[in-house]
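A.B. asks: There's a structure below that I have some questions on.
Protein chains in written order, with the numbering used here: chain A, 39 to 576; chain B, 27 to 199.
This is the structure we're talking about:
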């Protein structure tokens with residue numbers, strides 16, 4: 039009995055930089071700064087593991103105390119990058135304008151020759167209008183007004199070493215008694231994988247007026263191409279996945295914030311701030327043959343998180359009720375009154391918030407401090423994976439919608455056997471409005487029953503602090519000050535009515551990685567946090 | 027500003043660039059996988075696994091047939107969630123769809139080698155028989171299945187039902 043498993047991991051990153059900096063100041067109101075350099079990065083790692091199962095003698099946990107052939111594994115990797123870069127700052131003092139231009143050329147070992155050298159430039163320009171324009175400069179109410187704009191094209195290799203060639207592995211059950219046999223790996227790799235590139239443009243401004251109100255605004259558009267992702271392909275191709283450069287994605291949005299100092303006195307300070315971001319992202323083109331969507335995380339019936347052409351990312355797809363195409367109403371059986379599942383999945387919504395807003399309040403009164411932060415996320419859907427289980431067990435509030443009695447399926451039609459036409463259903467009831475509907479596939483197998491809005495307002499953090507009076511420490515040789523701080527996080531959450539599960543959309547199923555928008559019974563429940571800290575200054 | 031110093035820096039940098047680019051090719055050619063074989067292996071090494079995979083799939087096929095026809099009861103008791111009860115089969119259930127197409131990839135490699143190389147024709151003969159039995163099983167279970175468009179890897183990654191008179195085709199191959 040007993041087992042031993044040992045794992046040793048070694049990782050090392052070596053960075054060599056050579057940099058030269060040049061500076062020229064005040065040449066006819068121009069300042070110049072130039073940095074150029076080369077960089078060499080080498081990443082090494084080695085992982086060794088060995089294990090035995092079944093100890094020869096009890097109590098000696100050592101790999102040599104074995105009765106069977108030990109298991110062993112090894113993984114080595116090495117990657118190098120050679121970078122060559124330059125960066126120029128040019129400032130024109132008269133306009134308060136700064137131009138910043140960068141360029142970098144990387145040569146990486148991870149990609150195939152011919153695709154492994156890439157150049158990425160960027161440029162941005164900022165002009166302080168409150169310095170450049172005398173009318174603004176002389177206006178006492180405008181303290182700062184700055185406009186800025188930038189454009190960049192950033193390259194990135196998001197791959198592990200040796201990913202560019204498919205591998206061959208020992209088949210299941212091998213090696214067997216000194217005999218080896220192999221199977222062709224299940225993952226294909228696109229020939230000539232390229233680095234990812236993100237082209238970003240942005241414009242914006244910063245301001246401060248009346249010495250009280252400050253803020254900023256930015257509008258941006260990003261386009262990313264050649265993202266390197268493993269995608270799932272039809273099993274009948276003989277393979278299960280393909281590592282490839284996929285598509286073109288576009289994200290556009292705004293970021294804005296305003297801060298107002300309402301009261302500024304020695305013993306009382308009060309400030310509020312608000313911020314808002316809007317992000318509208320979209321997959322313009324997946325760029326994989328004739329594939330219109332591919333699955334990132336799905337359940338058995340195909341519902342789940344997808345990346346799809348022309349839709350926001352990530353997109354939730356799921357099953358729906360079979361509907362009458364003319365009226366859009368659910369078709370029910372003329373005898374049983376039950377709807378049917380349309381197993382062709384359709385788009386349900388995006389699972390990442392489009393709107394994010396935050397409000398914060400800062401108050402300082404004498405020795406007391408109060409900070410409050412509230413946030414809003416909205417414009418997205420989530421799949422309540424616990425819903426089908428609640429419906430099955432009868433624990434879900436939805437199941438008492440019709441008092442578990444017979445009911446006419448709302449907003450439904452049935453095919454009149456006499457005329458062959460769809461007529462509004464007012465009298466065909468579901469015979470068993472209890473387990474006959476709520477536990478059935480016609481309820482639980484339909485994703486749209488469990489798609490809810492992910493919107494919420496949340497009181498994310500409240501903290502109250504008290505600084506002990508300085509006079510207490512006048513006689514102390516060790517302590518210079520002390521503060522007590524009470525903090526609470528995730529205190530109140532407000533969700534729309536349709537979120538009957540009242541679950542916190544920020545907590546998603548961990549098992550499916552970062553694909554937001556899925557909550558299940560298997561995840562950690564949302565947590566509320568209270569704490570107190572005492573800090574002492576020496 | 028010390029111009030001489032600057033000149034030395036620039037010189038050093040240029041030297042390092044030249045040194046790097048000269049030694050680049052070998053220095054950067056380190057992406058050969060040291061952990062597992064890549065590309066393909068000698069086709070004879072594939073046959074053993076293909077036979078084993080075949081024998082590993084068929085107990086599952088036995089359960090599939092038995093449970094579907096009701097001659098085997100579900101040993102897990104009553105479970106409303108099983109694929110079998112819901113008729114909600116995925117590609118991985120019973121190792122049937124995916125397991126067989128996966129194995130056909132290896133069989134095709136052996137057959138292709140047999141077509142090109144006379145000394146491999148015995149390997150290819152065995153592979154053909156297993157492939158025929160695999161398609162027989164697939165057709166038994168699913169009726170029409172991808173055949174001539176299947177196992178094309180990167181050339182056909184979407185499921186398309188190009189179905190031919192399958193047994194005739196296999197015997198002609």
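The beta-carbon is built from N, C-alpha and C at its ideal position, and this holds for glycine as well.
None of the values given here were measured: they were computed from a predicted structure.
DSSP three-state call for residue 329 of chain A: helix, strand or coil?
C.D. replies: Looking at residue 329 of chain A - three-state DSSP - the assignment turns out to be coil, as it is neither helix nor strand.
A.B. asks: If you drop the 5 nearest sequence neighbours on each side, which residues of the same chain put their C-beta closer than 6 Å to that of residue 568 of chain A?
C.D. replies: Here the set comprises 526.
A.B. asks: For residue 384 of chain A, which residues in chain B fall below 7 Å Cβ to Cβ?
C.D. replies: Under the 7 Å cutoff, chain B gives no residues; its nearest Cβ is about 18 Å from residue 384 of chain A.
A.B. asks: Nearest to residue 157 of chain A by CA position, among A:195, A:135, A:470, A:133, is which residue?
C.D. replies: Selected option, being the one with the closest Cα: A:195.
A.B. asks: Do the segment 176–192 of chain A and the segment 236–254 of chain A make contact, defined as three or more Cβ pairs closer than 8 Å?
C.D. replies: At 8 Å Cβ cutoff, the stretches touch.
A.B. asks: Identify, in the order they occur along the chain, each residue of the same chain with its Cβ nearer than 6 Å to the Cβ of residue 294 of chain A, setting aside the five sequence neighbours on each side.
C.D. replies: Closer than 6 Å at Cβ, skipping near neighbours: 255, 314.
A.B. asks: Does the CB of residue 140 of chain B have a neighbour CB from chain A at under 8 Å?
C.D. replies: So, not an interface residue.
A.B. asks: Would you tell me roughly how many angstroms separate the C-alpha atoms of residue 222 of chain A and residue 291 of chain A, rounded to the nearest one?
C.D. replies: Their backbone Cα atoms lie some 45 Å apart in a straight line.
A.B. asks: Please state the DSSP three-state secondary structure of residue 456 of chain A.
C.D. replies: In the structure shown, residue 456 of chain A sits in coil (DSSP, three-state: anything other than H, G, I, E or B).
A.B. asks: Go ahead and pull the three-state DSSP assignment for residue 395 of chain A.
C.D. replies: Correct three-state label for residue 395 of chain A: strand.
A.B. asks: What are the partner residues of residue 390 of chain A, as DSSP defines its beta bridges?
C.D. replies: The partner list for residue 390 of chain A (beta bridge, DSSP) is empty, contrary to what the question assumes.
A.B. asks: Measure the beta-carbon distance from residue 312 of chain A to residue 199 of chain A and round it to whole angstroms, keeping in mind my assumption that it falls under 8 Å.
C.D. replies: The Cβ separation is near 46 Å, so there is no contact.
A.B. asks: Return the first residue and the last residue of the beta strand (DSSP E) that residue 429 of chain A is part of.
C.D. replies: Run containing residue 429 of chain A: none in the beta strand (DSSP E); it sits in the alpha helix (DSSP H), 425–431.
A.B. asks: With residue 74 of chain B as the anchor, note down where its alpha helix (DSSP H) starts and where it stops.
C.D. replies: Segment 70–95, the alpha helix (DSSP H) holding residue 74 of chain B.
A.B. asks: Considering only their Cβ atoms, is the gap separating residue 91 of chain A from residue 49 of chain A smaller than 8 Å?
C.D. replies: No, Cβ-Cβ distance for residue 49 of chain A and residue 91 of chain A is not below 8 Å.
A.B. asks: Check the Cβ-Cβ distances between residue 53 of chain B and every residue of chain A, and say whether any is below 8 Å.
C.D. replies: Interface residue, yes.
A.B. asks: For residue 117 of chain B, return the contacting residues in chain A, with the cut-off set at a CB-CB distance below 7 Å.
C.D. replies: By Cβ distance, chain A contributes 273.
A.B. asks: By DSSP, does residue 225 of chain A sit in helix, in strand, or in coil?
C.D. replies: In the structure shown, residue 225 of chain A sits in a strand (DSSP, three-state: E or B).
A.B. asks: DSSP three-state label for residue 126 of chain B, please.
C.D. replies: If DSSP states are grouped into helix, strand and coil, residue 126 of chain B belongs with the helices.
A.B. asks: Along chain B, in chain order, which residues have C-beta atoms closer than 8 Å to that of residue 118 of chain A?
C.D. replies: Neighbours of residue 118 of chain A on chain B, chain order: 53, 54, 56.
A.B. asks: Is residue 504 of chain A close to chain B, meaning its C-beta is less than 8 Å from at least one C-beta of that chain?
C.D. replies: It does not: the Cβ of residue 504 of chain A has no partner Cβ on chain B nearer than 8 Å.
A.B. asks: Return the chain-ordered ranges of every beta strand (DSSP E) run that is complete within the segment 294–381 of chain A and spans a minimum of 3 residues.
C.D. replies: List check, beta strand (DSSP E) in window: 306–323, 331–336, 342–346, 353–359, 368–370.
A.B. asks: Grab me the residues of residue 53 of chain B's own chain with a C-beta within less than 6 Å of its C-beta, minus the 5 sequence neighbours each way, in chain order.
C.D. replies: So no residue of the chain qualifies.
A.B. asks: Around the Cβ of residue 435 of chain A, are there at least 16 other Cβ atoms within 10 angstroms (buried) or fewer (exposed)?
C.D. replies: Under this definition residue 435 of chain A is an exposed residue.
A.B. asks: Can you pull the chain A neighbours of residue 177 of chain B, defined as C-beta to C-beta under 9 Å?
C.D. replies: Ordered by position in chain A, the residues that pass the 9 Å Cβ test against residue 177 of chain B are 274, 275, 276, 277.
A.B. asks: For the segment 225–256 of chain A, enumerate the residues whose C-beta is nearer than 7 Å to any C-beta of chain B, in chain order.
C.D. replies: Those would be 226, in chain order.
A.B. asks: What is the DSSP secondary structure of residue 493 of chain A, counted as helix, strand or coil?
C.D. replies: Three-state DSSP puts residue 493 of chain A in coil, outside helix and strand.
A.B. asks: Looking only at C-alpha atoms, which of B:161, B:77, B:142 sits nearest to residue 176 of chain B?
C.D. replies: Minimum Cα distance to residue 176 of chain B is reached at B:161.
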